[in-house]
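Peer 1: I have a structure here, written as structure tokens, and I will follow up with some questions on it.
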Amino acid sequence: MWGGGGRFRGAALELPPGWIDCPNFGKPPQVQPGCVLNVIPSKVPLGYDFAHLMPADKLYTLRHAIEQCEQRNTPVGLVLDLTNSHRYYRFNDEYPDAEGKGLFYRKVPCRGKGQSPQPEAVNQAVYEIWAFLQHFPHKFVLVHCTHGFNRTGYVIVCALMRMMSEMGMTVDRAVRRFAEGRPPGIYKDGYLQDLFKYHHERRQSKIITPPVPSWKGVGDDEEEDAGAAAADAPPPTPPGPPGHDKIFEIGERLPEDHNQFILDCVSNVLLPGRRDIKFPGSQPVSLDRTNMDRIEKQRYWVTWKADGTRYMMYIHSHGVYLIDRSNNVARVQMRFPMPRKPSASGHRPEYPVGPPHQNVLLDGEMVVDHDKATNQYQRRYLVYDAMAVGERPLVTEPFVVRYKIVEEEVLRPRAVEIAYIREPCAAEEPQRTKYRAPPFAYMYDDEPFKVRRKEFFPLHLARKLIGNFIPQLSHEADGLILQPAEDPYKALTCNELLKWKFAHLNSVDFRLNCTFAPDGQVAANDLLLMDTRGGRNNSRPPNYIAIEGAGVTFPEGVDAASLHQRIIECTWDEDTHTWKFLRVREDKDQPNAAHVFTKVVSSITDNIKDEELLRFLERCFLTMDQYEPDRAKVAPGKMPQMPLEEGAGGNGDAGPEGGQAGCRVLDSQKQQQHGHMGTLPGMPQRGGAPLGVSGTLAKRGRDTDGYSGPIFLTANQAGTYPRGEYDADEPDCRVFQRVPVPQPPPYVFERVEGLDGPLEDPSVLLSGMGPECAPPPPPRLAAGPAGDTDSGRPLPVDPYYVEPGAAEADAG
Numbered sequence: 001m002w003g004g005g006g007r008f009r010g011a012a013l014e015l016p017p018g019w020i021d022c023p024n025f026g027k028p029p030q031v032q033p034g035c036v037l038n039v040i041p042s043k044v045p046l047g048y049d050f051a052h053l054m055p056a057d058k059l060y061t062l063r064h065a066i067e068q069c070e071q072r073n074t075p076v077g078l079v080l081d082l083t084n085s086h087r088y089y090r091f092n093d094e095y096p097d098a099e100g101k102g103l104f105y106r107k108v109p110c111r112g113k114g115q116s117p118q119p120e121a122v123n124q125a126v127y128e129i130w131a132f133l134q135h136f137p138h139k140f141v142l143v144h145c146t147h148g149f150n151r152t153g154y155v156i157v158c159a160l161m162r163m164m165s166e167m168g169m170t171v172d173r174a175v176r177r178f179a180e181g182r183p184p185g186i187y188k189d190g191y192l193q194d195l196f197k198y199h200h201e202r203r204q205s206k207i208i209t210p211p212v213p214s215w216k217g218v219g220d221d222e223e224e225d226a227g228a229a230a231a232d233a234p235p236p237t238p239p240g241p242p243g244h245d246k247i248f249e250i251g252e253r254l255p256e257d258h259n260q261f262i263l264d265c266v267s268n269v270l271l272p273g274r275r276d277i278k279f280p281g282s283q284p285v286s287l288d289r290t291n292m293d294r295i296e297k298q299r300y301w302v303t304w305k306a307d308g309t310r311y312m313m314y315i316h317s318h319g320v321y322l323i324d325r326s327n328n329v330a331r332v333q334m335r336f337p338m339p340r341k342p343s344a345s346g347h348r349p350e351y352p353v354g355p356p357h358q359n360v361l362l363d364g365e366m367v368v369d370h371d372k373a374t375n376q377y378q379r380r381y382l383v384y385d386a387m388a389v390g391e392r393p394l395v396t397e398p399f400v401v402r403y404k405i406v407e408e409e410v411l412r413p414r415a416v417e418i419a420y421i422r423e424p425c426a427a428e429e430p431q432r433t434k435y436r437a438p439p440f441a442y443m444y445d446d447e448p449f450k451v452r453r454k455e456f457f458p459l460h461l462a463r464k465l466i467g468n469f470i471p472q473l474s475h476e477a478d479g480l481i482l483q484p485a486e487d488p489y490k491a492l493t494c495n496e497l498l499k500w501k502f503a504h505l506n507s508v509d510f511r512l513n514c515t516f517a518p519d520g521q522v523a524a525n526d527l528l529l530m531d532t533r534g535g536r537n538n539s540r541p542p543n544y545i546a547i548e549g550a551g552v553t554f555p556e557g558v559d560a561a562s563l564h565q566r567i568i569e570c571t572w573d574e575d576t577h578t579w580k581f582l583r584v585r586e587d588k589d590q591p592n593a594a595h596v597f598t599k600v601v602s603s604i605t606d607n608i609k610d611e612e613l614l615r616f617l618e619r620c621f622l623t624m625d626q627y628e629p630d631r632a633k634v635a636p637g638k639m640p641q642m643p644l645e646e647g648a649g650g651n652g653d654a655g656p657e658g659g660q661a662g663c664r665v666l667d668s669q670k671q672q673q674h675g676h677m678g679t680l681p682g683m684p685q686r687g688g689a690p691l692g693v694s695g696t697l698a699k700r701g702r703d704t705d706g707y708s709g710p711i712f713l714t715a716n717q718a719g720t721y722p723r724g725e726y727d728a729d730e731p732d733c734r735v736f737q738r739v740p741v742p743q744p745p746p747y748v749f750e751r752v753e754g755l756d757g758p759l760e761d762p763s764v765l766l767s768g769m770g771p772e773c774a775p776p777p778p779p780r781l782a783a784g785p786a787g788d789t790d791s792g793r794p795l796p797v798d799p800y801y802v803e804p805g806a807a808e809a810d811a812g
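Residue numbers (full-length UniProt numbering): 1 to 812.
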């Protein structure tokens, strides 16, 4: 809401209860000696319409407030209005040329009636304070609600927590700092309770709620704002197990400017200067016979492909942010401390970890683990890559280095602090601990999800991943990921990063376009792909390509009409030669591109079965020179045997009679250019079109939003979609150096698990996966309480070291 609000109508003017004797404003909260946060808490200034209701010596208008602040050498540059009413003053009337004089106004309505400000309102209010002070560090922000104590105090405490996190700010300290500048501080117990709960901090018994001030009259100081309380109420939590694909069920919405700031921070790490690219994260390509030889040419590691939701995570001083494929950003309240700096020899360290991380960019996926024994569900974020930590860009570092940094610098400090918090004597007898400071009263268990590093393994363990590990996971998995171990992080499509799915789960994400008959029934369905031949650019509308002759079937009870223009994931049904609806992709707003479709189709038609793939991986592991570092770590007697020649795939030998379907000699397949692909109708062909199928495979479909004109894709043209190594309009394989974190936009306002349960021990599931590869064990943390897999677990310094509770133990 911009501007100064309109004239209050419909009721007689009256002063808020207790307003006359309420102190006008307080002092900026002092963070430490000589350092304050440039915010001034104030009661609401009243317009001249109220002048006849006030004694002359009690007159307090907006102009009075700003002039009095000037006299105290605290010049105001921004007025932040938290009231949920427009009755009190009209900013534009009192300051018609405010921006020309360097004075800005923002309204962030916060509901009252004893209810704390909602997270979305707090996010906007704190961002306004921070963005303004970034541009005008010597000016002050006048923050007011009705009386300037509860809602104002709540927002200022949250601002202190986010903007002063490097100074070890806690809720207790922030509440006291606000009360020192605006006594008696927040005097509503519910607000204090909510502050501690929101920040996951334990409220100590010594933190008492101050008494209600004597000037406070009968009634509620937010009573006039109660009308919109019901409308502002958060949506009810949906029944049933938690999901992982709806980002705003996990985190909080951000204002538009804040959302764009986080996206700019991410783009600066991965694609500097390319703000037009949506979700610049690295994207794997499907494994087929044209790219299998990559595994022979360079060193790969393998992990399971979790069927979760992809999110990048950006850790900033203001919070932790999740970014989905649609460029939605959600804030989550979590804590990621830095490692402790080494202390001087002989000195007792102050604390086991350092201040909170800033400017960390991670890549991972959210899953929901189901513990069948207790029927409990737990969201868990599996981190598998890091692109930046602090001011250090990691995109040019090899994966083995980035992977190690995830554990050592991002997740291990969480585990160290958790162990210290859980030490029995840490709080009661701190003199017995190895640190001088008592444990931070932070409750990691109250965070919205758990965090773990996703483990990667040498290639020869792929057989145990498929045979032992995946069947017993407590979340869904649909295949394997093959990660080049020595490669840098590559934005967008990464041709070296390979994914292999179980045949029945190989899928494509389409946009469903329904054509409706006059009676409202669905007459036909088109499956649309995105045309990226001109490069990706978010500044222009996308073009779509409809696949001719491609049918889609829906299970009973699914209404196709309700999915019109939605992104649906479909798998290929070999028996009916149609696409089969699998699920709605809530995390995406665009379908797969046509070149992605051709790679998936190639993978489906190649039909690389698990046994063929596993033999090929084992053969690469045992014979290729680049895998010598991995072979050297295999324990004596644990080296896998050389697989038989038959059906190994890529070894120059034909498969055995009655062997795996689709086994071919790799070099022969390259020469034949996949002529066998001409068996699936409604898929791009790399050879001649099959009998009975039109050569025009995909064309402009029926009238559909987003079509820019006729687009014809012939069978021969389909083979051109997989792009080369470099395309100026689509920098798939470019690696970018990091530039400084962007500043907020100019401040100019012109607009108004495991065995049927949570996975705790992958070495058990893999039947010896860890000991086969284990180097001498690294130093252990001090043992925690019984059953504590976080505090007492080993801290692996090598990606191969897997011990019970290590590889998959939560870092919180």
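Even glycine gets a Cβ: it sits at the ideal position worked out from N, Cα and C.
Looking at the structure shown, is aspartate 559 part of a helix, part of a strand, or coil, going by DSSP?
Peer 2: Residue mapping note: residue 559 aligns to position 559 of the sequence shown, counting from 1. DSSP places aspartate 559 in coil when its eight states are reduced to three.
Peer 1: Apart from the five residues on each side of it in sequence, which residues of its chain come closer than 6 angstroms, Cβ to Cβ, to aspartate 245?
Peer 2: On the sequence shown, position 245 is the one that residue 245 refers to. Once the five neighbours on either side are set aside, the close Cβ partners of aspartate 245 are Thr309, Glu586, Asp587.
Peer 1: Please report how far the alpha carbon of residue 816 lies from the alpha carbon of leucine 80, in whole angstroms.
Peer 2: There is simply no residue 816 to check, as the chain begins at 1 and stops at 812 in what is shown.
Peer 1: At what residues does the beta strand (DSSP E) containing lysine 197 begin and finish?
Peer 2: Stepping through the sequence shown from its first residue, residue 197 is reached at position 197. Element bounds for lysine 197: not the beta strand (DSSP E) but the alpha helix (DSSP H), 189–198.
Peer 1: Does the structure place the segment 107–125 close enough to the segment 242–257 that three or more beta carbon pairs sit under 8 angstroms?
Peer 2: Counting Cβ pairs under 8 angstroms, three or more are found: they touch.
Peer 1: Output the boundary residues of the alpha helix (DSSP H) element that contains asparagine 92.
Peer 2: Walking along the sequence shown from the start, residue 92 turns up at place 92. From DSSP, the alpha helix (DSSP H) with asparagine 92 extends over 91–94.
Peer 1: Residues in the same chain with beta-carbon distance under 6 angstroms from lysine 501, minus the five sequence neighbours each way, listed in chain order, please.
Peer 2: Looking up residue 501 in the sequence shown gives position 501. The residues are Asp478, Gly479.
Peer 1: Out of Cys570, Gln30, Asn24, point me to the one whose CA is closest to lysine 58's CA.
Peer 2: If you number the sequence shown from 1, residue 58 lands on position 58. Nearest option by C-alpha distance: Asn24.
Peer 1: Indicate the three-state DSSP secondary structure (helix, strand or coil) for arginine 162 in the structure shown.
Peer 2: Working through the sequence shown from its first residue, we reach residue 162 at position 162. Three-state result, arginine 162: helix.
Peer 1: Hey, would you say tyrosine 187 sits closer than 8 angstroms to proline 210, going by beta carbons?
Peer 2: The residue given as residue 187 occupies position 187 in the sequence shown. The residue given as residue 210 occupies position 210 in the sequence shown. A contact, by the Cβ cut-off of 8 angstroms.
Peer 1: Would you check if there are 3 or more beta carbon pairs closer than 8 angstroms linking the segment 447–454 to the segment 464–478?
Peer 2: The answer is no - the segment 464–478 does not touch the segment 447–454, with fewer than three Cβ pairs under 8 angstroms.
Peer 1: For valine 31 and chain B, any beta-carbon pair shorter than 8 angstroms?
Peer 2: Given the protein chain composition of this structure (a single chain), no chain B is represented.
Peer 1: Mind reading off the beta-carbon distance from alanine 503 to asparagine 359? Whole number of angstroms is fine, and I expect it under 8 angstroms.
Peer 2: Here residue 503 corresponds to residue number 503 of the sequence shown, with the count starting at 1. Here residue 359 corresponds to residue number 359 of the sequence shown, with the count starting at 1. Not confirmed; about 42 angstroms, so no contact.
Peer 1: Hey, how far is the Cα of isoleucine 295 from the Cα of cysteine 494?
Peer 2: The residue you call residue 295 lines up with position 295 of the sequence shown. The residue you call residue 494 lines up with position 494 of the sequence shown. Roughly 14 angstroms between the two C-alpha positions.
Peer 1: Determine the contact status of proline 45 and phenylalanine 178, defining contact as a CB-CB distance below 8 angstroms.
Peer 2: In the sequence shown, counting from the first residue as 1, residue 45 sits at position 45. In the sequence shown, counting from the first residue as 1, residue 178 sits at position 178. Contact: no.
Peer 1: Among the candidates His347, Thr396, Ala517, whose CA atom is the shortest distance from the CA of glutamate 486?
Peer 2: Within the sequence shown, residue 486 is the residue found at index 486, counting from 1. It is Thr396.
Peer 1: Taking buried to mean at least 16 other C-beta atoms within 10 Å of its own C-beta, is methionine 167 buried or exposed?
Peer 2: As a first step, residue 167 is located in the sequence shown; it is residue number 167 there, counting from the start. Counting Cβ neighbours within 10 Å, methionine 167 comes out exposed, since fewer than 16 surround it.
Peer 1: Rounded C-beta distance between proline 284 and leucine 614? I'm assuming under 8 angstroms.
Peer 2: In the sequence shown, the residue the question calls residue 284 occupies position 284. In the sequence shown, the residue the question calls residue 614 occupies position 614. About 19 angstroms separates the two Cβ atoms, so there is no contact after all.
Peer 1: Counting only the same chain and skipping the five closest in sequence on each side, list residues whose C-beta sits under 7 angstroms from that of arginine 325.
Peer 2: Mapped onto the sequence shown, residue 325 falls at position 325. Phe279, Arg310, Asp587, Lys588, listed in sequence order.
Peer 1: Within the continuous beta strand (DSSP E) that includes alanine 523, where are the two ends?
Peer 2: The residue given as residue 523 occupies position 523 in the sequence shown. Here the beta strand (DSSP E) through alanine 523 covers 522–531.
Peer 1: Go to tyrosine 300, then tell me how far its beta strand (DSSP E) extends in each direction, as first and last residue.
Peer 2: Translated into the one-based positions of the sequence shown, residue 300 becomes position 300. 300–306 is the extent of the beta strand (DSSP E) around tyrosine 300.
Peer 1: In terms of residue numbering, what span does the beta strand (DSSP E) encompassing lysine 58 cover?
Peer 2: Here residue 58 refers to the residue found at position 58 of the sequence shown. Here lysine 58 belongs to no beta strand (DSSP E), and DSSP marks it neither H nor E.
Peer 1: What would DSSP say about asparagine 506, mapped onto helix, strand or coil?
Peer 2: Here residue 506 is taken as the residue at index 506 of the sequence shown, counted from 1. In the structure shown, asparagine 506 sits in coil (DSSP, three-state: anything other than H, G, I, E or B).
Peer 1: Note the first and the last residue of the continuous beta strand (DSSP E) segment covering residue 813.
Peer 2: There is no way to answer for residue 813, as the model of the chain reaches only from 1 to 812.
Peer 1: Please classify alanine 550: is it buried, with 16 or more other beta-carbons within 10 angstroms of its beta-carbon, or exposed?
Peer 2: Within the sequence shown, numbered from 1, the residue matching residue 550 stands at position 550. Result: buried.
Peer 1: Using the rule of at least 16 other Cβ atoms within 10 Å of the residue's Cβ for burial, across every protein chain shown, is tryptophan 215 buried or exposed?
Peer 2: As a working mapping, residue 215 is identified with position 215 in the sequence shown. With fewer than 16 Cβ atoms within 10 Å of its Cβ, tryptophan 215 is classed as exposed.
Peer 1: Counting C-beta neighbours from all protein chains within 10 Å, is the total for phenylalanine 616 16 or more, i.e. buried, or is it exposed?
Peer 2: The residue given as residue 616 occupies position 616 in the sequence shown. Under this definition phenylalanine 616 is a buried residue.
Peer 1: Whole angstroms is fine: what's the gap from arginine 583's alpha carbon to isoleucine 568's?
Peer 2: As a position in the sequence shown, residue 583 is number 583, starting the count at 1. As a position in the sequence shown, residue 568 is number 568, starting the count at 1. Answer to the nearest angstrom: the Cα atoms are 6 angstroms apart.
Peer 1: Is it buried or exposed, asparagine 506, if we count other Cβ atoms within 10 angstroms and call 16 or more buried?
Peer 2: Position 506 of the sequence shown, counted from the first residue, corresponds to residue 506. Asparagine 506 comes out buried.
Peer 1: Return the Cβ separation of methionine 164 and valine 31 in integer angstroms, given the expectation that the two are a contact with Cβ distance under 8 angstroms.
Peer 2: Locating residue 164 in the sequence shown gives position 164, counting from the first residue. Locating residue 31 in the sequence shown gives position 31, counting from the first residue. That belief holds up - the Cβ atoms of methionine 164 and valine 31 are roughly 5 angstroms apart, short of 8 angstroms.
Peer 1: Hey, out of His370, Ala373, Glu407, Thr83, whose CA is closest to tyrosine 384's CA?
Peer 2: Counted from its first residue, the sequence shown places residue 384 at position 384. Looking at the Cα atoms, Glu407 is the closest of the given residues.
Peer 1: According to DSSP, is proline 210 helix, strand or coil?
Peer 2: As a first step, residue 210 is located in the sequence shown; it is residue number 210 there, counting from the start. Coil, per DSSP.
Peer 1: What do you reckon, are the CB atoms on valine 143 and proline 242 nearer than 8 angstroms?
Peer 2: In the sequence shown, residue 143 corresponds to position 143, counting from 1. In the sequence shown, residue 242 corresponds to position 242, counting from 1. Going by C-beta atoms, valine 143 is not nearer than 8 angstroms to proline 242.
Peer 1: Just to confirm my understanding: we take glycine 77, look at its own chain, exclude 5 residues before and 5 after, and list those with CB closer than 8 angstroms. What are they?
Peer 2: To locate residue 77, count along the sequence shown from 1; it is residue 77. So the list reads Gly102, Leu103, Phe104, Phe132, Phe136, Lys139, Phe140, Val141, once near-sequence residues are dropped.
Peer 1: Quick check: the Cα distance between aspartate 445 and histidine 199, rounded to an integer number of angstroms?
Peer 2: As a first step, residue 445 must be located in the sequence shown, where it is residue number 445. As a first step, residue 199 must be located in the sequence shown, where it is residue number 199. Roughly 12 angstroms between the two C-alpha positions.
Peer 1: From the DSSP output, in three-state form, read off leucine 287 for me.
Peer 2: For the purposes of this step, residue 287 is taken as the residue at position 287 of the sequence shown. It is coil, neither helix nor strand.
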